[in-house]
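>
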Amino acid sequence: NADTAMYRAKTGGRNNFQFFEAEMTAEAKRRMALEHSLRRALERNEFEVHYQPRVDLKSLRVVGMEALLRWNHPQMGWIPPSEFIPIAEDKGMINAIGQWVMAQACRQTQALMDRLGRALSVSVNLSAHQLRDPALVGSVRAALSESGLPPSALELELTETALIEDVDHSVNVLRTLKQAGLMLSVDDFGTGYSGLSYLKRFPVDILKLDRSFVYQRTEGVSSFEFIKALVDMAHALKLSVVAEGIETPDILTLLTDASCDHGQGYLFARPMPLARLEQFLEEENVPASESGGA
Ligand code: C2E
Ligand code: MG
Ligand code: MG
Ligand code: MG
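Residues in the sequence shown are numbered consecutively from 894, following UniProt numbering.
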């Protein structure tokens, strides 16, 4: 607890200073170890793309999935992306890793569509660094042509922060990607500070409402009215809305009533390996009357 730590730091004198120093060193050591092994992770095949289903809130059918990167460190086990993505960004490794994720997601999604005989779309997260990579557009095209995935089945997720870092450059890259037929979304929408005017400048198709936004407590207006107003605005701008982090039936009802288009969250499914996703989709494909229930 931060208050307690502050109190101890103020009152504890020298011993506490040493305590904090030891903590810092352990943290720094972990980071250094991760940094070191991250350099070899790609060639050692330690990455795996997991997929979280995205559901149409009217029909409750899966329409696609989000690719979420996982790193299985040989000694340290599963490392969350919140920990290794920033290191990959700092150390100039994110472009190579991102290209691998893109190629993998396109190939696996096309293969899944072939095996299951149904249309799906896949979204891939891009970091701000990738948006600045001159090789980005070329590697996206390569991933599409090598996999045979139609461009309209690939969506790129960008955060507002990444987009506004260099607006003119972002607009150019996004226009090129739109011309190639891709879908573009704003990830973690509602957590930035830039207001809404930037939406006029970027050719995006989808807003992904951040989980914290979906769950927030509002003063005065109810959360329902707040979310409804936002969804209406998005629809007026010809954007569709995906809610992130749906965990409870109550929130699902609220979002459905607010005409939110799609959703993701633990209520439907957690991110999972490809093989499990395939099973999940196969089970969904069985009509209720043949599922052996009742
Ligand atoms: P994000 O793109 O906003 O992804 C949503 C995160 O919320 C994922 O965490 C997902 O597992 C989690 N989530 C999904 N449903 C729920 C729910 O109902 N409740 C809660 N509490 N969480 C839920 P994850 O997989 O740990 O990824 C974290 C972030 O790491 C992502 O946030 C994204 O910004 C980044 N990331 C993941 N994969 C990649 C990648 O391939 N490239 C880049 N550049 N970033 C990635
Ligand atoms: Mg995302
Ligand atoms: Mg998000
Ligand atoms: Mg998020």
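Note that CB positions come from ideal geometry on N, CA and C, so glycine has one too. Since the structure is predicted, the reported quantities are computational estimates derived from the model, not experimental observations.
Just to confirm my understanding: we take residue 1151, look at its own chain, exclude 5 residues before and 5 after, and list those with CB closer than 7 Å. What are they?
1117, 1120, 1121 and 1124
> In chain order, which continuous runs of the beta strand (DSSP E) of length 3 or greater are located wholly inside the region 1018-1057?
1047-1052
> So what's residue 941 in DSSP terms, helix, strand or just coil?
strand
> Tell me, to the nearest whole angstrom, how far the beta carbon of residue 1067 is from that of residue 1077; I am working on the premise that it is less than 8 Å.
The beta-carbon distance between residue 1067 and residue 1077, rounded to whole angstroms, is 6 Å. This is short enough to meet the 8 Å contact definition.
> Any idea what DSSP makes of residue 1178, helix, strand or coil?
Residue 1178 sits in a helix when the DSSP states are folded into three classes.
> If you check the beta carbons only, do residue 948 and residue 956 fall under 9 Å apart?
yes
> For ligand 2, is there any heavy atom lying closer than 8 Å to the beta carbon of residue 1105?
no
> Return yes when at least one heavy atom of ligand 3 lies under 8 Å from the C-beta of residue 1080, else no.
yes
> Any heavy atom of ligand 1 closer than 8 Å to the beta-carbon of residue 938?
Taking non-hydrogen atoms of ligand 1 into account, the C-beta of residue 938 is found less than 8 Å away from none of them.
> Under a three-way DSSP split, which group does residue 921 fall into?
helix
> Quick check: the region 968-977 against the region 1003-1017, are there 3 or more CB pairs under 8 Å?
Segments in contact, no.
> If distances are taken between C-alpha atoms only, which option among 1043, 961, 1129 and 1014 comes closest to residue 954?
1014
> Can you list, in chain order, the residues of its chain whose CB lies under 6 Å from that of residue 1209, leaving out five sequence neighbours each side?
Residue 1209 is absent from the model: the chain starts at 894 and stops at 1187.
> List the residues that DSSP assigns as beta-bridge partners of residue 965.
971
> If you measure between the beta carbons of residue 1051 and residue 1033, is that distance less than 9 Å?
no
> Should residue 1002 be labelled buried (16 or more other beta-carbon atoms within 10 Å of its own) or exposed?
buried
> By the DSSP assignment, the alpha helix (DSSP H) with residue 1130 in it spans what residues?
First-last for residue 1130: undefined, no H or E at that position.
> What separation, rounded to the nearest whole angstrom, lies between the Cα atoms of residue 1030 and residue 1070?
One C-alpha to the other measures close to 7 Å.
> With distances taken Cα to Cα, identify the nearest neighbour of residue 1137 among 1131, 1109 and 1115.
Considering only alpha carbons, the answer is 1109.
> Could you check the C-alpha separation between residue 930 and residue 972 for me, to the nearest Å?
12 Å
> My parser needs the alpha helix (DSSP H) runs of 4 or more residues fully inside the region 1068-1101; what are they?
For the region 1068-1101, whole alpha helix (DSSP H) runs of length 4 or above, ordered along the chain, are 1091-1094.
> Are residue 969 and residue 998 closer than 9 Å when you measure CB to CB?
Residue 969 is not a Cβ neighbour of residue 998, given a cutoff of 9 Å.
> Can you list, in chain order, the residues of its chain with a C-beta nearer than 6 Å to that of residue 1026? Leave out the 5 residues immediately preceding and following it.
988
> According to DSSP, is residue 949 helix, strand or coil?
strand
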